[in-house]
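Enquirer:
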Amino acid sequence: MAVVLAAAILVAFILLPLAGLFFHLQPGDIIAALQTAVAQEALRLSIITTFGSLAITVLLGTPLAYVLARGNFPGRPFVDAIVDLPIVVPPAVAGLALLLAFGRNGTFGPLLLKLGITVSFSTVAVIMAQTFVASPFYVRSARAGFIAVDRTLEAASASLGMGPLRTFAFITVPLAAPALIGGAVLSWARALGEFGATIMFAGNLQGVSQTLPLAVYLNLESGNLPIAVVLSVILILFSLIVVIAVHTTAERKPG
Amino acid sequence: MLQFDLHMELREFSFNATGEAANGVTVVEGPSGAGKTTLLRLLAGLIRPKAGAVALDGRTLTDTTRNVFVPPAQRNIAILFQEYALFPHFDVAANVAYGLRARNVPRAEREERVMRELQRLDIGTLARARVTELSGGQRQRVALARALVVKPAALLLDEPLAALDVATRKLVRGELATLLRQVNVPTLFVSHDPGARQLFPGPAFHIERGTLTQLP
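Those sequence lines, one after another, are chains A and B. The C-terminal position of the first sequence is numbered 301 in the working numbering, with every residue numbered one higher than the one before it. The C-terminal position of the second sequence is numbered 1581 in the working numbering, with every residue numbered one higher than the one before it.
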């Protein structure tokens, strides 16, 4: 009985505030909010930046995950730990670190400036902040997926005449697909919700770096509660889709 | 003719195998953990020896003194793995077609050769079946079809009967022997079961703690 009660309390604690947001929603507000430039630009920017950071994450994270799963090199535990670090580092700290590294006065600032690139407080900075905090979710999941692929199958593929790249494409990736997709979805969701590192490193400029979570914050601060609520509900709906997607891919098994 | 002279250090003993296998079946018997699978992996190029050489029909595949190492995909040595290693995300026909796809055989010819091989092994009706639904004996035939359809230059069988239950094993032994006698390439039949020699009364090796010796 006590167990059921404890479980019910936590579930209610998670569910009630989220559900409550929907009760703050007035039908007229939705249309009005969605017609404001601030909402539209935040939505557009969130979509562009999250898919940008996802593309970078998959492109660079897949080889990294494979090397971590299969490579046998000195310092692998060290690299493993580095990849996990952004998951536990506070996002605000990540944002400060990015600023001090790539900001105008940062370590690489002068070099970037010579190349005519100013990174901080730009859309590129948003993508960098998202990639920094979100890519570990993909790499971890992909690494676990690759480890679970039976290496004898890769050996069989090689002995049948397929080189390493085609073996990777025809055997390893399809068999690891649920983990790859699950990791990509999770990492995308983490990027979508990114707030701390973004506001530190990219600022809160409408149309440039003001993604959905930043717009929620700004509109709450400036007293536009209905817009903040509508944007929050949009974020919750995205989250719901992600949770459902992750649960269905996790249950599907190859073969 | 498959010739080899292979040396490497394993965890518990050093591995030394020198010998040759002519066309037809050569049995390699020895207790489990003696280095049988290591021998097959070295021949197929799945692992590199510390020192030594492998040559198949006069072509050098491995030679550590000249720094030659042909990758497994270019050796044309087919392996029947102990648990068959069928690709679980492909159906039977796609499994068998895999090696032909690797060799860029055109689709029409591929399908025809796959069908012919499946029928030869009496599993033509299983072409569209998922490999996860097959019995042990059927899996073995699919793995054999997949290995043979590419016309390999050598065939390596790693404990081909070990994954089967006793009843199926009895049933399959004779069939497998008949089939393998038709394959006219160097064929290494690795088994911990001394009965394998009765099945193939040809040349044979014994391996124990990494040391290969020719049997009389």
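Glycine included, every Cβ here is placed at the ideal spot set by N, Cα and C.
#1: For chain B, find out if any of its Cβ atoms is closer than 8 Å to the Cβ of leucine 199(A); answer yes or no.
#2: Locate the beta strand (DSSP E) running through proline 1437(B), then write down its first and last residues.
#3: Could you say which of Thr257(A), Ser203(A), Val134(A), Ile128(A) lies nearest to serine 168(A) if we only look at CA atoms?
#4: At least one CB of chain A closer than 8 Å to the CB of proline 1471(B): is that the case?
#5: Closest to alanine 1561(B) by CA distance: which of Thr1533(B), Thr1578(B), Leu1526(B) is it?
#6: With 7 Å as the C-beta to C-beta threshold (strictly closer), list the residues of the region 1395 to 1417 of chain B near chain A in chain order.
#7: Give the straight-line distance between the Cα atoms of leucine 1491(B) and arginine 1506(B), rounded to the nearest whole angstrom.
#8: What is the rounded straight-line gap between the Cα of valine 1591(B) and the Cα of valine 49(A)?
#9: Identify the continuous beta strand (DSSP E) that holds leucine 61(A) and give its terminal residues.
#10: So with CB distances below 7 Å, who are the chain A contacts of proline 1581(B)?
#11: When you compare the CB positions of alanine 243(A) and valine 179(A), do they come within less than 8 Å of one another, or not?
#12: Which chain A residues are close to glycine 1464(B), counting only those with a beta carbon under 7 Å from its beta carbon?
#13: Compute the distance between the beta-carbons of histidine 1557(B) and glutamate 1385(B), then report whether it is under 8 Å.
#14: What does proline 220(A) touch in chain B if you count any residue whose Cβ is under 8 Å from its own?
#15: So glycine 1389(B) is in the beta strand (DSSP E); what residue range does that whole segment cover?
#16: Along the region 1419 to 1450 of chain B, where does the CB come closer than 9 Å to a CB of chain A? Name the residues.
#17: Who are the neighbours of valine 1515(B) on chain A, taking C-beta pairs under 8 Å?
#18: Under DSSP, the beta strand (DSSP E) around serine 1556(B) begins and ends at which residues?
#19: For a quick check, are the C-beta atoms of leucine 1580(B) and alanine 1569(B) less than 8 Å apart?
#20: For the beta strand (DSSP E) containing isoleucine 1572(B), list its first residue and its last residue.
#21: Secondary structure at arginine 116(A), three-state DSSP: helix, strand or coil?
#22: Does the beta-carbon distance from serine 268(A) to leucine 232(A) come in below 8 Å?
#23: Who pairs with glutamate 1385(B) in a beta bridge, going by DSSP?
#24: DSSP three-state call for glutamine 1579(B): helix, strand or coil?
#25: If you follow the beta strand (DSSP E) that aspartate 1523(B) is in, where does it begin and where does it stop?
#26: Can you give me the start and stop residues for the beta strand (DSSP E) that leucine 161(A) sits inside?
#27: Ignore the nearest five residues each way along the sequence and tell me which others in threonine 1391(B)'s own chain have a CB closer than 6 Å to its CB.
#28: Assuming valine 262(A) is part of the beta strand (DSSP E), what are its boundary residues?
#29: According to a CB-to-CB cut-off of less than 9 Å, which residues of the region 1492 to 1516 of chain B neighbour chain A?
#30: Report the residue from Gln1547(B), Arg1574(B), Leu1404(B), Lys1516(B) whose alpha carbon sits nearest the alpha carbon of valine 1470(B).
#31: Would you call phenylalanine 59(A) buried or exposed, if buried means 16 or more other Cβ atoms sit within 10 Å of its Cβ?
Expert: In terms of the structure at hand:
#1: yes
#2: That residue, proline 1437(B), is in no beta strand (DSSP E); it is neither H nor E in DSSP.
#3: Thr257(A)
#4: no
#5: Leu1526(B)
#6: Ala1409, Leu1411
#7: 11 Å
#8: Nothing about residue 1591(B) can be read from this structure; chain B reaches only from 1366 to 1581.
#9: It is not in any beta strand (DSSP E) - leucine 61(A) instead sits in the alpha helix (DSSP H) that spans 48 to 69.
#10: Under the 7 Å cutoff, chain A gives no residues; its nearest Cβ is about 32 Å from proline 1581(B).
#11: yes
#12: Leu206, Gly207
#13: no
#14: His1454
#15: 1389 to 1394
#16: Pro1436, Pro1437, Ala1438, Gln1439, Arg1440, Asn1441, Ile1442, Ala1443, Ile1444, Phe1446, Gln1447, Glu1448, Tyr1449, Ala1450
#17: Leu206, Gly207
#18: 1551 to 1556
#19: yes
#20: 1569 to 1573
#21: helix
#22: no
#23: Gln1368(B)
#24: strand
#25: 1519 to 1523
#26: Leucine 161(A) -> no beta strand (DSSP E), and no H or E assigned at all.
#27: Leu1553, Pro1568
#28: Looking at the DSSP string, valine 262(A) is not in any beta strand (DSSP E); the run it does join, the alpha helix (DSSP H), is 258 to 267.
#29: Arg1495, Val1496, Thr1497, Ala1508, Arg1511, Ala1512, Val1515
#30: Lys1516(B)
#31: exposed
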